[in-house]
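Positions in the sequence shown are counted from 1; adding 1 to them yields our numbering.
For reference, the structure is listed below as structure tokens.
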Amino acid sequence: ISIFYIVNSVDAQNETLLSVKPGSFYSTLLGLGLLNTKPELIQRIKLSSNCAEYLFSPEDPKGKLCSSSWNKLFGTVRCGIFNSNHKDSDRFVWRRIQSCLKFDSSYVIGEVENCSDKDLIELAAYTYDNGEIPYESQNQGRLLKIFNTKIKVETWYVFKLLIKPLHTEYQILDDNLNLLESITIDHRDCGSSYYTGLLQNLYFGGQCPAPQEVS
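Written out as structure tokens, the structure is:
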């Protein structure tokens, strides 16, 4: 994953390449310990083709769960420097498109041949709010919202988090800054520290480590 860290505008950029090695969750550059101190985060990001190619073993009984799990792209903790990303946070998440995978019960048994969507990535807005977990069934559609927009690998996009006291707006734009889609998720009121917290970087899973390198 190539990222331009945009400081104040699309003209102030520093490029960084992130990857997660096989068997790992964390990227080669953690980015932990960096504090977000502004209510608007903007990053220009290109996902490599291997982000649409990772494949779990057909012998893994958690293969379907691993394949459908959301990987973290970037975001920030909310509500203060001592808060946790599992308490209050906003993150863009991604996974390889599910329509190109074959499943049998809890297993992923292969890939769809000549899948027309094979170069596409699914995205979602992913929020913890006062400890409520986004992927739990009662919170899907409220704290976990899937974008209709699918993005292409090896293509630059701009991602924005517009953090407000009682909600965050997630925006996806093309490289010409045309808005493709936006999603808003409501938050609890945590006072003036609503946009302050530790920045979050590339992370594979939750449920399972990367089966192959993603970058």
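C-beta: ideal position from N, C-alpha, C; glycine also.
Cβ shell of residue i (< 7 angstroms), same chain only, five flanking positions each side left out
i: ASN9; result: Residue placement at ASN9 cannot be trusted, given a pLDDT of 40 that sits under 50; what the coordinates show is reported in the next sentence. Excluding sequence neighbours, ASN9 sits near nothing in its chain.
i: ASN86; result: VAL78, TYR129, GLN201
i: ASP187; result: LEU167, HIS168
i: VAL154; result: LEU48, SER49, SER50, CYS52, ALA53, ASP120, ILE122
i: SER183; result: GLU170, TYR171, GLN172
i: THR156; result: LYS47
i: GLY192; result: none
Of the residues the options, the one placed nearest residue i, counting alpha carbons only
i: ASN37; options: PRO59, LEU18, ASN84; result: ASN84
i: CYS52; options: ALA125, ASP120, THR197; result: ASP120
i: PHE104; options: GLU60, THR156, SER183; result: GLU60
i: PHE26; options: GLY111, PHE205, GLY198; result: PHE205
i: ALA125; options: GLN139, GLU137, PHE148, ASN140; result: PHE148
i: LYS88; options: TYR195, CYS209, GLN208, SER70; result: TYR195
i: LEU35; options: GLY207, CYS209, ASN115, LEU199; result: LEU199
i: TYR136; options: LEU181, THR185, VAL94; result: VAL94
i: GLY132; options: SER90, ASN179, LYS39; result: SER90
i: PHE160; options: LEU180, ASP118, GLN141; result: LEU180
Within 9 angstroms, strictly: CB atoms of residue i and residue j
i: ARG96; j: GLU54; result: no
i: LYS47; j: ALA211; result: no
i: TYR158; j: ILE164; result: no
i: LEU102; j: LEU56; result: yes
i: GLY81; j: THR197; result: yes
i: GLN213; j: SER70; result: no
i: GLU170; j: THR185; result: yes
i: SER100; j: VAL109; result: no
i: LEU178; j: GLU41; result: no
Contacts around residue i, its chain only, beta-carbon distance under 6 angstroms, and the 5 residues preceding and following it disregarded
i: ARG92; result: LYS73, GLY76, TYR127, GLN201
i: SER107; result: PRO62, LYS65
i: LEU19; result: ILE2, SER28, LEU30, LEU203
i: VAL11; result: Confidence at VAL11 is low in this model, with a pLDDT of 44, below 50, so the placement of that residue is unreliable and no value is reported for it.
i: ILE134; result: none
i: GLY24; result: PRO210
i: SER58; result: none
Residues near residue i by beta carbon distance below 8 angstroms, same chain, minus five either side
i: ASP190; result: PRO166, LEU167
i: VAL215; result: ILE2, SER20, VAL21, SER49, ASN51, CYS52, TYR55, ASN72, PHE205
C-beta neighbour in chain D for residue i, strict 9 angstroms
i: TYR129; result: Of the protein chains in the structure, only one exists, and it is not chain D.
Does the count of Cβ pairs from the region 158-177 and the region 50-66 closer than 8 angstroms reach three? no
If we require 4 or more residues per run, which alpha helix (DSSP H) segments fall completely within the region 29-108? 64-69
Where in the region 112-172 do unbroken runs of the beta strand (DSSP E), each at least 3 residues long, occur, reported from the N-terminal end onward? 121-129, 145-147, 157-164
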